[in-house]
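The letter at position 206 of the sequence shown is residue 206 when you use UniProt numbering, and the numbering goes up by one with no holes.
No residue lacks a Cβ here, since even glycine has one placed at the ideal position from N, Cα and C.
The structure displayed is predicted, hence computed values, not measured ones.
Since the structure comes first, as C-alpha cells, the remarks are kept for the end.
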Amino acid sequence: MAINDDIPGLQVTVLVDGNAAPEFVDLAVETRDGCSATTRYIESRGDATFTVQVVCDDDYGWGYKDHAINAVLFVDGGYVDNCIIGQTGPSAVFQGPTRYDASRREWSVRGMKFSTVRTVEEPEADFTSLSQVHELFTRMNTKNGRASLAELGSIRIEIYRGAVTDRRVARRVASLATGAMLSSYSSLLHSDDSTSSAVTSAAAPSGLEICEKSLKGRSVTHGSTFSAPQRIPGPTDVGFEALEEDQGPIATFRFLYKSEATLIREGIKPSYAQALSANARAVAGKTKTNTKANKMSNNERGPSARVDPLAAPARAAALSARKNRRQRQRQL
1 MAINDDIPGL
11 QVTVLVDGNA
21 APEFVDLAVE
31 TRDGCSATTR
41 YIESRGDATF
51 TVQVVCDDDY
61 GWGYKDHAIN
71 AVLFVDGGYV
81 DNCIIGQTGP
91 SAVFQGPTRY
101 DASRREWSVR
111 GMKFSTVRTV
121 EEPEADFTSL
131 SQVHELFTRM
141 NTKNGRASLA
151 ELGSIRIEIY
161 RGAVTDRRVA
171 RRVASLATGA
181 MLSSYSSLLH
191 SDDSTSSAVT
201 SAAAPSGLEI
211 CEKSLKGRSV
221 THGSTFSAPQ
231 RIPGPTDVGF
241 EALEEDQGPI
251 ATFRFLYKSE
261 ATLIREGIKP
271 SYAQALSANA
281 RAVAGKTKTN
291 TKANKMSNNE
301 RGPSARVDPL
311 AAPARAAALS
321 ARKNRRQRQR
331 QL
C-alpha cells in the first residue's frame, strides 16, 4: 500500500493475482520524485493478473470545496481508465480498459496482466511488437508524436480534485500537466474500427518481443497485456471539472514492476540470504535487550531480595535450638 505523507487517508495498492503486492523503496528515486510523487517497486511474474485499488479512508479531508477525486490510471505510459471517487463511494478498483461494442450494445472490460519481455536484436518483418502498441499510445499522448518506451514497466495513478457536474458526457480524461485531452486513446479502446482491433491483437500475445536498442540499456523484464473481453454493466459517465488552483494532479503514485531476480540484482529487494541475516540480527538484538532487562530487574530488587545460600541452614539451626530449650524448660 503506497501512501503520500502530504495527503493523509489516500492509499493506492497494486494487487497481483488478488493479493497486495509487497512494495520496495529506492531512496534515490524517492528523493528525485518530490513531495507530490510516490514511487514504489513491485515484483512482476509472467501471466500474473493485476488490478489497482485506490482508497480514501476516514482520514482524508473532503471538506475543501466539497470536492470529488478523479483517479486516472496509466499503464506503460498509456491511458487505461479513470474513475470518480466521492464521499459516498470512497474507493475504486481498476480492472482494466473498458470498451463499448456498438453491434452488441454492451460494455466489456479486459483484465490486465504481466507478460514476459524478450529482447531481440532486430524484429522480424511480420512481427507485431509491444513497441507498436506504445507507438499508438505516444502518438496520442505526446506533443511531438515520437514513439517512446520510457514508461514501459510502470503503473501510474494521477489524483485530481474537482467537481462532478450533472450532465453526462462521453468518457474522457484531461491531463492538466500538458493541457491536452487524452480522450483519443479511450475512444480507440471503445471504438470498433480497424485500429482498435490492431491494438486488441497486439496487446495480448503469449510473450512480448522488443528491439533491444529501443530499451536504451534499461532493465525491462515485463510489459502489460490485456486478457479477453468480459461483459460488464455499463459505466456511469459524468462530467468532471478539475480545480484550477491545483494546476495539475495533487498526487502521483508510480509503481515500477520488474522480476524478482532483477529487483535483487539491482539492490532494491533483499535476497533470501540478506533477509535471513537481517532476521538473525533482529533476534540477536532482541535477546541482548532481554538479557539487559533481566539484569536491571535483579539489581532493582536490592540486596535484601537476593537469595543467600547460607540462609536456609541457619534458619534450621535456630529452630532446632529453640526446640531444645523448650524441652529443657519442661523437664525443670
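For residue 259, the nearest candidate out of 116, 57, 151 and 104 (CA to CA)
Closest by alpha carbon: 116.
- Message: For the beta strand (DSSP E) containing residue 209, name the first residue and the last one.
- Response: It spans 208-211 - the beta strand (DSSP E) in which residue 209 sits, taken as one unbroken run.
Query raised in the report: Under 8 angstroms between the Cβ atoms of residue 226 and residue 96?
Result: Pairing residue 226 with residue 96 gives a Cβ-Cβ distance under 8 angstroms.
Contact the stretch 215-224 vs the stretch 1-15: 3+ CB pairs below 8 angstroms
Segments in contact, no.
- So what does DSSP say about residue 7, is it helix, strand or coil? Reduced to three states, the DSSP call for residue 7 is coil.
- Close beta carbons around residue 24, own chain, < 6 angstroms, minus the five adjacent residues each side: Hits under 6 angstroms: 41, 268 and 269.
- Would you tell me roughly how many angstroms separate the C-alpha atoms of residue 78 and residue 120, rounded to the nearest one? Rounded to whole angstroms, residue 78 to residue 120 spans 23 angstroms at the Cα level.
**Message:** Please state whether the Cβ-Cβ distance between residue 93 and residue 229 is less than 8 angstroms.
**Reply:** It is not a contact, given that the beta carbons lie outside the stated cut-off.
- Euclidean distance between Cα positions of residue 333 and residue 103: No information on residue 333 is available, as it lies outside the stretch 1 to 332 that the chain covers here.
So, for residue 48: in the same chain, excluding its five sequence neighbours on each side, which residues have a beta-carbon less than 7 angstroms away from its beta-carbon? Same-chain partners within the cutoff: 16, 17, 113 and 114.
Where does residue 372 land, buried or exposed, given buried means 16+ other C-beta within 10 angstroms? Nothing can be reported for residue 372, as the shown portion of the chain is limited to 1 through 332.
Rounded to a whole number of angstroms, what is the C-alpha to C-alpha distance between residue 100 and residue 28?
Whole-angstrom Cα-Cα distance: 42 angstroms.
With the cut-off set at 8 angstroms, would you say residue 162 and residue 243 are in Cβ contact? Yes, these two residues count as a Cβ contact at 8 angstroms.
Residue ranges of each beta strand (DSSP E) within the stretch 28-71, 3 or longer: Considered as a whole, the stretch 28-71 harbours 37-43 and 49-56 as its complete beta strand (DSSP E) runs of no fewer than 3 residues, in chain order.
Span of the alpha helix (DSSP H) around residue 265:
Counting along the chain, residue 265 sits inside the alpha helix (DSSP H) bounded by residues 260-265.
(Q) At the level of alpha carbons, what is the spacing between residue 251 and residue 22? (A) Answer to the nearest angstrom: the Cα atoms are 21 angstroms apart.
*Using three-state DSSP, classify residue 73 as helix, strand or coil.*
In the structure shown, residue 73 sits in a strand (DSSP, three-state: E or B).
| How many angstroms separate the CA atom of residue 87 from the CA atom of residue 69? | Cα-Cα distance, rounded: 9 angstroms.
**OP:** Could you pull out every residue in the same chain whose Cβ sits closer than 8 angstroms to the Cβ of residue 91, ignoring the five residues on either side in sequence?
**Re:** Only 53, 54, 55, 56 and 85 meet the Cβ criterion.
Does DSSP classify residue 215 as helix, strand or coil?
Here residue 215 sits in helix by DSSP.
CA-CA distance, residue 149 and residue 45?
Residue 149 and residue 45 have their C-alpha atoms spaced approximately 20 angstroms apart.
- Terminal residues of the continuous beta strand (DSSP E) containing residue 93? Taken as a continuous stretch (DSSP letters only), the beta strand (DSSP E) holding residue 93 covers 91-94.
Compare the C-alpha of residue 50 against each of 65, 20 and 64 and name the closest. Looking at the Cα atoms, 20 is the closest of the given residues.
Length of the line joining the Cα atoms of residue 38 and residue 72: C-alpha of residue 38 to C-alpha of residue 72: approximately 15 angstroms in a straight line.
What's the gap between the Cα of residue 155 and the Cα of residue 80?
Between residue 155 and residue 80, the C-alpha separation is close to 10 angstroms.
Beta-carbon proximity list for residue 223, same chain, < 8 angstroms, skipping 5 on both sides: Only 76, 114, 115, 117, 130, 152, 153, 208 and 210 meet the Cβ criterion.
Residues in the same chain with beta-carbon distance under 6 angstroms from residue 11, minus the five sequence neighbours each way, listed in chain order, please. Short of 6 angstroms from the beta carbon of residue 11, and not among the five residues preceding or following it, lie these beta carbons of its own chain, in chain order: 1, 3 and 55.
Between 89, 247 and 221, which has its C-alpha nearest residue 62's C-alpha? When only C-alpha atoms are compared, the closest one is 89.
Query raised in the report: Under three-state DSSP, which class holds residue 321?
Result: Three-state DSSP puts residue 321 in a helix.
Query raised in the report: Just how far apart, CA to CA, sit residue 213 and residue 265?
Result: Annotation: residue 213 to residue 265 spans about 21 angstroms, alpha carbon to alpha carbon.
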